[in-house]
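Shown next, in structure tokens, is the structure this report addresses.
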Amino acid sequence: MKIAISGKGGVGKTTFVAALAKVFKEAGKKVIAIDADPVSNLAVTLGFMKGSEIIPISQMKDLIKERTGASDEYGKFFKLNPTVSDLPEKLSLEHEGIKLMVLGAIKHGGSGCACPESAFLRTLLSHLIVQRDEVVLVDMEAGVEHLGRATVKAVDVLIVIVEPGSKSIQTAFQVKKLAEDIGLTSVYAVGNKVASEEHKAFIQNGLDGIPLLGFISYDEKILESDIKGIAAFAENNKLLEEICQIKNKLEEIVKEK
């Protein structure tokens, strides 16, 4: 199963990805989580020790130059499809049975290394989604810029995380439109930080046309986990139960496709 997760900044997207990785792993699945958000904090949310010190692959300049054949001079030729098949094993980290790769920011235009870097990271992401046999979860920024037209064919579901708020709802529709423009039509939403039936109703009414997979309750324990420096799902059975229900719905959707 290949799942991309998007949403406005601050809605709890990374917490969702971490908890979903946990419940898939507990269900006996092989899981690899991909941090493709420029603000990389999935490692910390998964409970990796010194997760904030992990160097994103986008900053591995020597590796990118080696694989793309790029020079330091702007405008020089480089490989659009560099070899990356060996990198998931070499560069992924593992914690409690969950693999992680931190891609970092994909730059656009400007500096001489931006184009080779972008080609390299997009090729790596495409390989992870298309070729790997794990459950692949991609934590993305609020958009689908990382996904090429070929890659989206392998994505089973795009999930947009929303919270009770008009800006979050608006972002969901923007992401849905961008996804449809490149042929990704299997778009769903998850309501997060829900503290009341009014919150549920607001999200349901606002997302008219985007099917909901479920809701995640507002929980101070998630904030406490960040303060303690532990995984977002640690000591939080309620979160894992709600995420497990969403996982079950995802599996039903993919079986029907």
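When you line the sequence shown up against this note's numbering, it's residues 2 to 258, in that order.
From the three backbone atoms N, C-alpha and C, an ideal C-beta is built for every residue, glycine too.
With DSSP as the reference, label residue i as helix, strand or coil.
| i | result |
| --- | --- |
| D38 | coil |
| H200 | helix |
| D182 | helix |
| E95 | strand |
| D140 | strand |
| L159 | strand |
| K23 | helix |
| V188 | strand |
| N238 | helix |
Let me make sure I understand the geometry here. Which of the options has the alpha-carbon closest to that of residue i?
| i | options | result |
| --- | --- | --- |
| T84 | K248, Q246, R68 and L21 | R68 |
| V163 | V176, K154, V156 and A155 | V176 |
| A155 | S72, T186, G52 and K178 | T186 |
| P165 | I4, G11 and K26 | G11 |
| Q132 | S226, P89, K229 and G52 | P89 |
| K30 | K9, M2, A19 and T46 | M2 |
| H96 | V188, K51 and K168 | K51 |
| I33 | S41, V40 and K23 | K23 |
| L47 | I58, K258 and M102 | M102 |
| I183 | K168, A196 and V153 | V153 |
| G105 | I99, L81 and E142 | E142 |
| A120 | S86, L81 and K100 | L81 |
| V195 | L179, E146, L240 and K178 | L240 |
| I170 | E242, N249 and A202 | A202 |
In whole angstroms, what separates the C-alpha of residue i from that of residue j?
| i | j | result |
| --- | --- | --- |
| F79 | D36 | 25 angstroms |
| F17 | D38 | 14 angstroms |
| S93 | G210 | 37 angstroms |
| I223 | G70 | 44 angstroms |
| L148 | S127 | 8 angstroms |
| I217 | V139 | 19 angstroms |
| S72 | L159 | 36 angstroms |
| L129 | V137 | 7 angstroms |
| H109 | L122 | Since pLDDT at H109 reaches only 46, below the 50 mark, its modelled position is unreliable, and the value read off the structure follows with that caveat. Looking at the two C-alpha atoms, the distance is approximately 12 angstroms. |
| F49 | G230 | 9 angstroms |
Can you say whether residue i is buried or exposed, counting buried as having 16 or more other CB atoms within 10 angstroms of its CB?
| i | result |
| --- | --- |
| C114 | Note on C114: pLDDT 42, under 50, position unreliable in the model; no value is reported. |
| I228 | exposed |
Beta-carbon of residue i versus every beta-carbon of chain B: anything under 8 angstroms?
| i | result |
| --- | --- |
| N238 | Structure shown: chain B not included; a single protein chain is present. |
Roughly how far, in whole angstroms, is the beta-carbon of residue i from the beta-carbon of residue j, given that I think they are within contact range, below 8 angstroms?
| i | j | result |
| --- | --- | --- |
| G144 | S59 | Not a contact, Cβ separation roughly 17 angstroms. |
| I244 | L43 | Incorrect: roughly 15 angstroms between the Cβ atoms, too far for contact. |
| K168 | K14 | Not a contact, Cβ separation roughly 14 angstroms. |
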